[in-house]
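Have a look at the structure below, then the notes.
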Amino acid sequence: MSVSAASTPLEPPAPRKSGAGRIILWIVLALVLIPIVLMVSCEVLILGNRARVDGANRARGEQIVAALEKFRSDQKKYPETLRSLEPRYISQLPLMKRYEEDPGREFTYQRSNDGSGFTLEYMGAPVSVGPCDCGFKYDSASRTWQPVLY
Numbered sequence: 145m146s147v148s149a150a151s152t153p154l155e156p157p158a159p160r161k162s163g164a165g166r167i168i169l170w171i172v173l174a175l176v177l178i179p180i181v182l183m184v185s186c187e188v189l190i191l192g193n194r195a196r197v198d199g200a201n202r203a204r205g206e207q208i209v210a211a212l213e214k215f216r217s218d219q220k221k222y223p224e225t226l227r228s229l230e231p232r233y234i235s236q237l238p239l240m241k242r243y244e245e246d247p248g249r250e251f252t253y254q255r256s257n258d259g260s261g262f263t264l265e266y267m268g269a270p271v272s273v274g275p276c277d278c279g280f281k282y283d284s285a286s287r288t289w290q291p292v293l294y
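Take any residue in the sequence shown, count from 1 to its spot, add 144: that is its number in this note's numbering.
Put into structure tokens, the structure is as follows:
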């Protein structure tokens, strides 16, 4: 007996998931997707915070650099310490912050032995939870901020 194409039996339709099966599928998807969305959201918030904190630290550092340049213009050399800038060249030394709620800490300043140059450094905001391993250093010779790895 010959079987024609028209009489070839079709595959049976896939069984439909029961109501309980659909609920389990949605629960599994939620358990997988919710942590992923939360992780991505946290990283976006951390990176946004880092940009704000580093931008504010850079602005504070620029205030100190301007005061150092005024001091050098008057005294013909850079000061031995940043405290020498107060109050004539800067009313109060700004503090660097690692995160927005940080009470702040002093910038790291190092003057050359002859007073003709200096570096000014601050630690960068953490990239994620944990210690930060980078910062930024201003060099008076190049007049630029460069990233620093610790």
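The C-beta atom is built at its ideal place from N, Cα and C for all residues, glycine as well.
Ranked by Cα distance from L212, the options D198, R227, N201 and G199 are led by R227.
DSSP, reduced to helix, strand and coil, places F215 within a helical segment of the structure shown. Between R249 and L239, the C-beta spacing is below 8 Å.
One alpha carbon belongs to Y282, the other to I180, and they sit about 38 Å apart. For T288, the uninterrupted beta strand (DSSP E) segment begins and ends at T288 to L293. Residue pairing by DSSP places E265 opposite T252 and K281 in a beta bridge. Its Cα nearest to that of S235, the residue R204 stands out among R204, Q290, W170 and A164. When the Cα atoms are used, S256 and T225 turn out to be separated by approximately 11 Å.
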